[in-house]
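The working numbering applies: residue 66 is where the sequence shown begins, and numbers increase by one.
For each residue, glycine too, the CB sits at the ideal point set by N, CA and C.
The next block holds one structure in the form of structure tokens; read it before the comments.
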Amino acid sequence: MIVLWISLGILLAALIAGVVSLVLTYNKIVSLSARVDNSWAQVDVQLKKRFDLLPNLVETVKGFAKQEEALLKEIVELRSNALLSRTAEESIHNNTELSGAVNRLMAISEAYPELKSSENFLSLQQELSDVEKKVAVARQFYNDTCMMYNEYIDKFPGVLLAQLLHYEHRSYFEAAGYEKEAPAVSL
Numbered sequence: 066m067i068v069l070w071i072s073l074g075i076l077l078a079a080l081i082a083g084v085v086s087l088v089l090t091y092n093k094i095v096s097l098s099a100r101v102d103n104s105w106a107q108v109d110v111q112l113k114k115r116f117d118l119l120p121n122l123v124e125t126v127k128g129f130a131k132q133e134e135a136l137l138k139e140i141v142e143l144r145s146n147a148l149l150s151r152t153a154e155e156s157i158h159n160n161t162e163l164s165g166a167v168n169r170l171m172a173i174s175e176a177y178p179e180l181k182s183s184e185n186f187l188s189l190q191q192e193l194s195d196v197e198k199k200v201a202v203a204r205q206f207y208n209d210t211c212m213m214y215n216e217y218i219d220k221f222p223g224v225l226l227a228q229l230l231h232y233e234h235r236s237y238f239e240a241a242g243y244e245k246e247a248p249a250v251s252l
């Protein structure tokens, strides 16, 4: 009889340990998923600031650089695409494209001395530079939280629960092709 009670006690303890482990694993997945969502929201805030600056920058450049009309139209179109993104993956792609166009605009502005000396342009350029730095920090934080989440749902026991509850990997905000290439420097 005592052996039966001991066996039942061990079985009950194992069952309780299993349930506690399941609950802790579920809570960790939910917590990490929420962190990824929060870190994406931080990226989104910085991207919104950039979106708000771009029309002013485009208008300022328009007054000085009529022949750059195609690039300015491209920036306006890419900004609209980025604003209309429905998923994080779509937003990452659209914002990467927009970053490339903005970088081209900044490079082109070097060809216009009167634009470079415009107080309005310099102010907008500085604000955009500050926002770009904040976007970079927010992207890094987002990628770090994605990594923690993705690792957790790949490891045991998280992988079992993640598959059962259809938790999926989150996409990283990766550098665009133009950001990976070293700039050519000639002296």
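Listed in chain order, the non-local C-beta contacts of Val101 below 6 Å within the same chain comprise Thr210, Cys211, Tyr214, Arg235, local neighbours out to five positions each way being set aside. Around the CB of Arg115, 16 or more other CB atoms lie within 10 Å, so the residue is classed as buried. Here Leu230 carries a coil assignment [DSSP, helix/strand/coil]. If the five residues before and after Lys138 are omitted, its C-beta is found closer than 7 Å to no C-beta atom of its own chain. Unbroken alpha helix (DSSP H) runs of no fewer than 4 residues, entirely contained in the segment 89–157, are found at 134–148, following chain order.
Val200 is positioned such that its CB atom lies closer than 7 Å to that of Gln111. Taking the C-beta atoms as reference points, Ser96 is found no nearer than 7 Å to Phe206. About 40 Å separates the Cβ atoms of Ile218 and Leu170, ruling out a contact at the 8 Å cut-off. Burial state of Leu187 is exposed, judged by a 10 Å Cβ sphere holding fewer than 16 other Cβ atoms.
Of the candidates Pro222, Leu143, Thr152, Val123, the residue whose Cα lies closest to the Cα of Leu193 is Val123. Within the same chain, Asn159, Asn160, Leu163 come within 6 Å of Ala147 by CB-CB distance, once the 5 residues on both sides are set aside. Relative to the Cα of Ser86, the nearest Cα in the group Arg204, Pro222, Ile173 belongs to Pro222. By the C-beta density criterion, Glu216 is exposed, having fewer than 16 other C-beta atoms within 10 angstroms. Take Lys127, set aside five residues on each side of it, and the residues of its chain with a beta-carbon closer than 7 Å to its own are Leu137, in chain order.
Per DSSP, reduced to three states, the secondary structure at Arg204 is helical.
Glu239 carries a coil assignment under DSSP once its states are collapsed to helix, strand and coil. Taking a C-beta distance under 7 Å as the contact criterion, Leu189 and Asn121 qualify as a contact pair.
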